[in-house]
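Okay, so here's the structure we're looking at.
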Ligand SMILES: [Zn+2]
Ligand SMILES: [Zn+2]
């Protein structure tokens with residue numbers, strides 16, 4: 005069994021009418037065909053929450069205000085009624101807005117919720133430009149804060165999967181990664197992760213990003229495994245071509261750490277299936 009759950013039906017910069025392309029049965033079929041070719045049986049989509057107008061009830065960051073154009077219930081109805089894909093969403097953890105996010109999530113029937121941290125608190129971790137957190141930010145402090153927030157996200161219990169867990173390394177080409185043993189940062193997340201029931205995402209998206217590494221680092225994953233957390237495998241594809249991107253690298257990492265099962269989700273129930 006191979007999975008790809010953290011998948012987007014279109015590119016981030018694509019603002020076209022969803023019914024003109026992204027949210028159509030023929031687009032879903034393109035994803036399904038490529039996934040089948042690559043041996044991925046369990047396929048789901050997880051559009052960014054900030055693309056939907058309902059997200060503005062949770063948070064009104066200017067980037068969200070600019071992005072919120074689609075209707076969340078139309079997306080859910082499309083995936084459920086016109087495709088055979090699992091229905092997920094990629095939702096940001098915004099500290100202080102837990103109740104608002106819970107209202108948005110609990111009102112809909114997901115197969116899984118992918119939790120991400122893209123902003124700290126307003127600064128963007130993986131988006132150069134206007135809100136770039138790295139402009140003048142101290143990497144040591146940002147890393148510490150990032151992993152503390154990741155632990156809190158796990159502890160909320162609102163997420164089934166923790167996405168790209170060490171996203172903070174994304175711009176390793178231009179932002180200095182703190183020196184020494186990075187486990188001093190991972191430790192800040194680990195109590196929250198250990199006390200949660202969350203699955204930890206292994207994402208090959210990092211291989212397409214400047215860092216050129218899988219998310220998360222092997223030592224982070226090892227700590228999660230020691231804490232008893234299961235693994236969810238995804239590519240964070242934004243096009244059919246990116247499905248299962250360089251999974252051979254992820255499978256190598258997982259077998260090196262003795263992982264033999266993957267988390268599979270159905271209506272927010274998790275089970276483990278043999279990997280491969
Ligand atoms: Zn993300
Ligand atoms: Zn994503």
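In our numbering, the protein residues as written are 5 to 280.
Here a beta-carbon is modelled for each residue, glycine too, at the ideal position from N, C-alpha and C.
Under 8 Å, do residue i and residue j count as touching if we go by C-beta distance?
i	j	result
residue 89	residue 47	yes
residue 79	residue 56	yes
residue 187	residue 227	yes
residue 167	residue 210	no
residue 169	residue 220	yes
residue 238	residue 246	no
residue 42	residue 260	no
residue 203	residue 165	yes
In terms of residue numbering, what span does the beta strand (DSSP E) encompassing residue i cover?
i	result
residue 294	The chain is shown only over 5 to 280; residue 294 falls outside these bounds and no answer can be derived.
residue 117	116 to 120
residue 71	Careful: residue 71 lies outside any beta strand (DSSP E), inside the alpha helix (DSSP H) at 66 to 71.
residue 39	Run containing residue 39: none in the beta strand (DSSP E); it sits in the alpha helix (DSSP H), 29 to 41.
residue 206	203 to 207
On the three-state DSSP scale, how would you describe residue i?
i	result
residue 93	strand
residue 219	strand
residue 98	coil
residue 266	strand
residue 240	coil
residue 146	helix
residue 56	strand
residue 113	coil
residue 172	helix
residue 152	helix
residue 177	coil
residue 20	coil
residue 46	strand
residue 130	coil
Can you tell which of the options has the C-alpha that lies nearest to the C-alpha of residue i?
i	options	result
residue 223	249, 257, 13	257
residue 137	144, 148, 124	124
residue 29	43, 81, 177, 225	81
residue 6	266, 113, 204, 161	266
residue 103	62, 32, 25	62
residue 243	31, 24, 19	31
residue 201	225, 19, 231	231
Pop quiz: residue i and residue j are said to be a contact at Cβ under 8 Å. What is the actual Cβ separation, rounded to whole angstroms?
i	j	result
residue 174	residue 214	7 Å
residue 116	residue 157	Actually they are not in contact, since the Cβ atoms of residue 116 and residue 157 sit about 15 Å apart, beyond 8 Å.
residue 196	residue 233	Rounded, the Cβ-Cβ distance is 11 Å, inconsistent with contact.
residue 190	residue 163	Contact flag wrong, Cβ pair sits at about 18 Å.
For the alpha helix (DSSP H) that residue i lies in, which residues bound it at each end?
i	result
residue 283	The chain is shown only over 5 to 280; residue 283 falls outside these bounds and no answer can be derived.
residue 259	251 to 260
residue 78	76 to 86
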